[in-house]
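Worksheet for the structure shown next.
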Amino acid sequence: MNISAAYNAGRLTVFLAGELDQHEARHAMRAIDELLDEYMPRDCAMDMSALSFMDSSGIAVIIRTSRRMKELGGRAWIENPSKQTQRVLDASGIDRLVPVAVR
Amino acid sequence: MNVQNYIKLEFASKSSNEAFARAAAAAFAAQLDPTLEELGDVKTAVSEAVTNCIVHAYPEALGRISMRMRILEGNVLEISVRDWGKGIEDLEQAMKPLYTSGGEERSGMGFTIMESFMDKLRVRSAPGKGTTVVMRRSIRPRVGHL
Ligand SMILES: Nc1ncnc2c1ncn2[C@@H]1O[C@H](COP(=O)(O)OP(=O)(O)O)[C@@H](O)[C@H]1O
Ligand SMILES: [Mg+2]
Numbered sequence: 001m002n003i004s005a006a007y008n009a010g011r012l013t014v015f016l017a018g019e020l021d022q023h024e025a026r027h028a029m030r031a032i033d034e035l036l037d038e039y040m041p042r043d044c045a046m047d048m049s050a051l052s053f054m055d056s057s058g059i060a061v062i063i064r065t066s067r068r069m070k071e072l073g074g075r076a077w078i079e080n081p082s083k084q085t086q087r088v089l090d091a092s093g094i095d096r097l098v099p100v101a102v103r
Numbered sequence: 104m105n106v107q108n109y110i111k112l113e114f115a116s117k118s119s120n121e122a123f124a125r126a127a128a129a130a131f132a133a134q135l136d137p138t139l140e141e142l143g144d145v146k147t148a149v150s151e152a153v154t155n156c157i158v159h160a161y162p163e164a165l166g167r168i169s170m171r172m173r174i175l176e177g178n179v180l181e182i183s184v185r186d187w188g189k190g191i192e193d194l195e196q197a198m199k200p201l202y203t204s205g206g207e208e209r210s211g212m213g214f215t216i217m218e219s220f221m222d223k224l225r226v227r228s229a230p231g232k233g234t235t236v237v238m239r240r241s242i243r244p245r246v247g248h249l
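Protein chains in written order, with my numbering: chain A, 1 to 103; chain B, 104 to 249.
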């Protein structure tokens, strides 16, 4: 998978692309940790529009990012999940913990 | 039940094989002409079952994973994932949403996702002997689509 980011006025957008499974999860967590350490954002949006596949390992990545943002006194949310990703989000009930925005 | 086709695969419990297992399941399921959503559901359930073998069944060393896929009468896809690893002590607890014996890299949602994405899920496990997960999903025939 591939992770890139954009930062503007306190908001970090992390773009997750490709397939996020257990094999990729550790790499994703480390990459997001480094971005949060570098920018110390107020808000963190996880853009999933180019994420073609995600399983419950991705849920762990989302929960961890959300927790780290809370520690920083900020907020995290998910943006533009693909269809398959949305179904995994629905089945896990994560939307009760981390908001999902579609724009 | 009448078995119309089957395939059996065996692979090492390496996390790089997760993507392979999903792709193999999708390729085998293709003969039932599934929708993209059905295909996504099957791939997700397989990913969960195989990841569990890799992460939980064989936490230390490389182990053997076997995956059997069958087409049963009535457009039913059946996938069994088996390991000869650690096994599960308390199955009822293991299958509860959010339960995980792993750390913060796990979410405890694997069985919940397999259950909600497939029509049937059966798990058999013995501590020290291994675990077998059998899942079935009926693929709706698409009329007027060939
Ligand atoms: N193949 C397996 N071998 C041994 N233990 C397993 C296996 N599959 C699942 N488990 C146990 O069941 C628990 C729940 O599994 P799951 O719902 O997939 O959540 P997670 O993988 O995130 O922990 C695991 O934490 C583990 O203790
Ligand atoms: Mg799991």
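Even for Gly, the Cβ is constructed at its ideal location relative to N, Cα and C. Bear in mind the structure is a predicted one, so any value in this text is a computation, not a measurement.
- Of A:R26, A:S52, A:A5, A:H27, the smallest CA-CA separation from P81 (chain A) is found for A:S52.
- Using a Cβ-Cβ cut-off of 8 Å, K83 (chain A) counts as an interface residue toward chain B, since at least one Cβ of chain B sits closer than that to its own.
- When C-alpha distances from I174 (chain B) are compared across B:A129, B:E218, B:G233, the shortest belongs to B:A129.
- A6 (chain A) is bridged by DSSP to A:T13.
- Under the Cβ criterion of 8 Å, S4 (chain A) is not counted among the residues facing chain B.
- Look at R87 (chain A): its C-beta is under 8 Å from a C-beta on chain B.
- Not flagged as an interface residue toward chain A: G166 (chain B), since no C-beta distance is shorter than 8 Å.
- Judged by the Cβ position, E151 (chain B) qualifies as a neighbour of ligand 2 at the 7 Å threshold, a heavy atom of the ligand being closer than this.
- Using a cutoff of 7 Å, the CB of R209 (chain B) counts as near ligand 2, since one of the ligand's heavy atoms is closer than that.
- A straight-line Cα-Cα distance of about 25 Å links H23 (chain A) and R227 (chain B).
- Just so you know, the alpha carbons of R26 (chain A) and V61 (chain A) end up roughly 8 Å apart.
- For the region 113-144 of chain B, the beta-carbon criterion of a distance under 8 Å to any beta-carbon of chain A is satisfied by S118, S119, E121, A122, R125, L139, E140, G143, D144.
- Following the DSSP letters along the chain, one finds V158 (chain B) in no beta strand (DSSP E), marked with neither H nor E.
- In the DSSP assignment, I78 (chain A) is bridged to A:M46, A:V100.
- With a threshold of 8 Å between beta carbons, S150 (chain B) makes contact with chain A.
- Between the alpha carbons of E218 (chain B) and A9 (chain A) lies a gap of roughly 42 Å.
- No residue range can be given for N105 (chain B), since it is assigned to no alpha helix (DSSP H) and is classified by DSSP as neither H nor E.
- Along the region 4-36 of chain A, going in chain order, the ones with a CB nearer than 9 Å to a CB of chain B are E19, D21, Q22, H23, E24, A25, R26, M29.
- Close CB contacts of L201 (chain B) within its chain, under the 6 Å cut and outside five residues either way in sequence, are with G211 (chain order).
- Within the DSSP secondary-structure output, E19 (chain A) pairs in a beta bridge with A:F53.
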